[in-house]
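See structure below.
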Ligand SMILES: *[C@@H]1O[C@H](CO)[C@@H](O)[C@H](O)[C@H]1NC(C)=O
Ligand SMILES: *[C@@H]1O[C@H](CO)[C@@H](O)[C@H](O)[C@H]1NC(C)=O
Ligand SMILES: *[C@@H]1O[C@H](CO)[C@@H](O)[C@H](O)[C@H]1NC(C)=O
């Protein structure tokens with residue numbers, strides 16, 4: 001018995017102790033798991049917040065602090081030193097903040113966080129590190145050009161802080177955002193009040209008076225803006241140059257077209273070359289002749305051709321359609337849009353509410369040859385950016401061809417298609433807005449902003465020459 005007791009006691013105690021350990025380990029594990037889970041949830045929450053409501057200013061200053069390498073002091077001699085006028089925030093940053101605070105509506109208040117780039121996308125290339133702060137891909141709003149232009153200009157090596165040393169003057173008024181937030185304003189006095197304020201302010205500046213505003217420019221990222229359309233409304237600023245995503249045909253000697261921003265904002269020429277190489281590698285995965293990403297625009301005369309385009313695309317086995325019916329929101333997913341465009345040779349660009357489309361630049365970014373139905377959709381718009389011969393990079397269908405789009409496109413020889421596609425792929429850097437963080441030394445290509453500054457410089461220098469002669 002005693003020996004049995006002796007034997008059973010240790011066995012009991014060992015059982016007890018091992019039981020205690022068993023009890024302890026899971027609870028420790030449980031606690032550990034709980035902590036890890038809470039930490040993960042917190043991180044996911046932060047990420048969610050970051051993506052949904054990007055902290056425009058804090059994210060920016062953090063990024064700039066991290067990237068505080070010295071700015072390249074080398075300004076391209078083809079670009080004149082330019083001065084950015086300092087304006088009251090109600091002309092720019094307050095308009096951006098207003099857009100950010102209005103989450104529900106997408107068209108009325110463009111989401112232009114991250115200095116206009118929009119929400120970062122964790123997208124290709126697959127081997128890139130997934131730090132959202134380093135991605136080149138963003139869900140950029142079509143009307144964000146004016147905000148991105150400003151962010152690029154702020155860090156541009158040709159920017160000067162001395163108005164006396166400047167040949168060009170940039171007026172950072174976000175006229176498109178202002179128009180967007182005022183689109184429902186019926187009272188014209190109120191609608192135009194900010195523009196009138198700006199005109200008065202500019203007219204009072206000595207730098208503006210020197211040349212009657214001829215060396216001043218403004219960037220507008222929207223098609224519907226009334227500011228300066230009517231020279232009688234604001235004669236003081238009528239001679240300023242306006243860069244806009246859509247010029248009205250036959251109007252405005254001072255208006256020049258700039259591309260809509262798409263989703264790609266590279267920091268280096270290497271980023272661009274990687275993407276171009278990928279497009280060339282996957283050229284054979286283009287399974288369809290043509291694609292259409294868009295929707296019907298009932299009530300718009302310009303968009304009458306859309307019904308024809310959509311009927312033919314939906315019927316043809318060789319067409320990839322994406323219906324941008326607003327209730328389905330399929331076109332708000334950049335990955336989906338680009339992936340469809342990467343699977344077709346041609347991307348149809350019929351006019352909608354306006355003659356131009358952001359989709360043209362999405363197509364080019366995907367190496368898809370744009371097909372136009374009006375010369376005002378691109379040829380008469382983006383002279384600074386596109387090759388002189390439209391047929392090198394695009395197709396224009398005449399009204400007589402609109403009823404048999406598939407036959408017209410299928411008729412183009414394969415070698416010609418390949419050559420056009422290569423030109424489109426080569427044009428990608430030219431129609432891209434580089435990331436505002438990129439430094440001039442690292443960028444290694446001329447993006448939309450550089451080209452605009454070069455062309456503005458030619459204009460202002462020519463102007464000065466002709467004034468000298470007079
Ligand atoms: C438009 O707004 C201005 C300024 O707020 C006001 O004086 C004017 O009466 C308004 N006009 C109409 C037609 O409501
Ligand atoms: C704008 O240019 C026109 C034509 O050159 C000129 O008549 C007009 O006075 C200029 N306006 C200003 C404000 O300098
Ligand atoms: C793109 O722009 C560069 C200048 O930056 C120019 O030399 C080149 O010809 C352009 N590419 C095309 C395809 O037009």
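In UniProt numbering, the protein residues as written are 1 to 470. Just so you know, even glycine gets a beta-carbon here, dropped at the ideal spot from N, CA and C.
Please confirm whether residue i and residue j have their CB atoms less than 7 Å apart.
i: residue 115; j: residue 436; result: yes
i: residue 167; j: residue 80; result: yes
i: residue 140; j: residue 120; result: no
i: residue 236; j: residue 180; result: no
i: residue 421; j: residue 369; result: yes
i: residue 239; j: residue 213; result: yes
i: residue 348; j: residue 371; result: yes
i: residue 172; j: residue 156; result: no
i: residue 506; j: residue 384; result: Only positions 1 to 470 of the chain appear in the structure, and residue 506 is not among them; the question remains open.
i: residue 484; j: residue 279; result: Because residue 484 is not part of the residues shown, which for the chain are 1 to 470, the question remains open.
i: residue 295; j: residue 324; result: yes
i: residue 363; j: residue 386; result: no
i: residue 382; j: residue 257; result: yes
i: residue 218; j: residue 242; result: yes
i: residue 356; j: residue 393; result: no
i: residue 361; j: residue 262; result: yes
i: residue 87; j: residue 178; result: no
i: residue 220; j: residue 176; result: yes
Which same chain residues end up closer than 8 Å to residue i when comparing Cβ atoms and leaving out the 5 residues on each side of it in sequence?
i: residue 314; result: 321
i: residue 457; result: 78, 79, 80, 167 and 168
i: residue 318; result: 288, 289, 290, 406 and 410
i: residue 336; result: 322 and 330
i: residue 90; result: 194
i: residue 459; result: 241
i: residue 208; result: 169, 202 and 216
i: residue 328; result: none
i: residue 247; result: 255, 256, 257, 380 and 381
Out of the options, which has the shortest C-alpha to C-alpha gap to residue i?
i: residue 285; options: 367, 248 and 190; result: 367
i: residue 441; options: 158, 425 and 205; result: 158
i: residue 264; options: 385, 418 and 122; result: 122
i: residue 194; options: 174, 207, 206 and 365; result: 174
i: residue 245; options: 305, 144 and 341; result: 144
i: residue 445; options: 266, 345, 362 and 373; result: 266
i: residue 291; options: 278, 298 and 311; result: 311
i: residue 398; options: 392, 375 and 414; result: 375
i: residue 303; options: 332, 327, 353 and 256; result: 353
i: residue 281; options: 301, 343, 333 and 268; result: 343
i: residue 358; options: 412, 336, 438 and 293; result: 293
i: residue 404; options: 391, 305 and 377; result: 305
i: residue 365; options: 250, 308, 427 and 234; result: 427
i: residue 400; options: 419, 96, 178 and 373; result: 373
i: residue 308; options: 90, 189, 402 and 216; result: 402
i: residue 201; options: 117, 85 and 95; result: 85
i: residue 152; options: 448, 209, 94 and 466; result: 448
i: residue 461; options: 90, 216, 94 and 190; result: 216
i: residue 297; options: 249, 328, 351 and 277; result: 351
i: residue 415; options: 316, 327, 277 and 283; result: 283
i: residue 272; options: 191, 334 and 137; result: 137
Might you give, ordered along the chain, the residues of its own chain that have their beta carbon closer than 6 Å to the beta carbon of residue i, omitting 5 neighbours on each side?
i: residue 83; result: 160, 163, 166 and 169
i: residue 203; result: 236
i: residue 430; result: 385
i: residue 260; result: 142, 245, 358 and 361
i: residue 148; result: 116, 261 and 433
i: residue 269; result: 444 and 445
i: residue 417; result: 345
i: residue 92; result: 172 and 174
Whose C-beta lies closer than 7 Å to the C-beta of residue i among residues of the same chain, with five residues either side of it excluded?
i: residue 463; result: 214
i: residue 390; result: 379 and 396
i: residue 465; result: none
i: residue 276; result: 425 and 428
i: residue 476; result: Not covered by the structure: residue 476. The range shown for the chain is 1 to 470.
Counting only C-beta atoms, is residue i closer than 7 Å to chain B at any point?
i: residue 353; result: You won't find chain B in this structure, because it holds only one protein chain.
task = Enumerate, from N- to C-terminal direction, the unbroken alpha helix (DSSP H) stretches of 4 or more residues contained entirely within the stretch 176-242.
result = 188-191, 193-203 and 206-211
Around ligand 2, what residues have a beta-carbon under 7 Å from a heavy atom of it, in chain order?
212, 213, 235, 236, 238 and 239
Exercise for the section: Go through the residues and name those whose CB comes closer than 5 Å to any heavy atom of ligand 3, in chain order. Expected result: 387, 426, 427, 430 and 446
| What beta strand (DSSP E) runs, 3 residues minimum, are completely inside the stretch 339-403? | 344-349 and 369-372
- [ ] Give me every residue whose Cβ sits closer than 5 Å to any heavy atom of ligand 1, in chain order.
- [x] This selection yields 187, 189 and 190.
Please go through the stretch 153-178 and give each complete beta strand (DSSP E) segment of 3 or more residues, from N-terminal end onward.
Taken in chain order, the complete beta strand (DSSP E) segments of 3 residues or longer contained in the stretch 153-178 are 168-170.
May I have a chain-ordered list of the beta strand (DSSP E) segments no shorter than 3 residues that lie completely inside the stretch 279-338? 288-294 and 319-323
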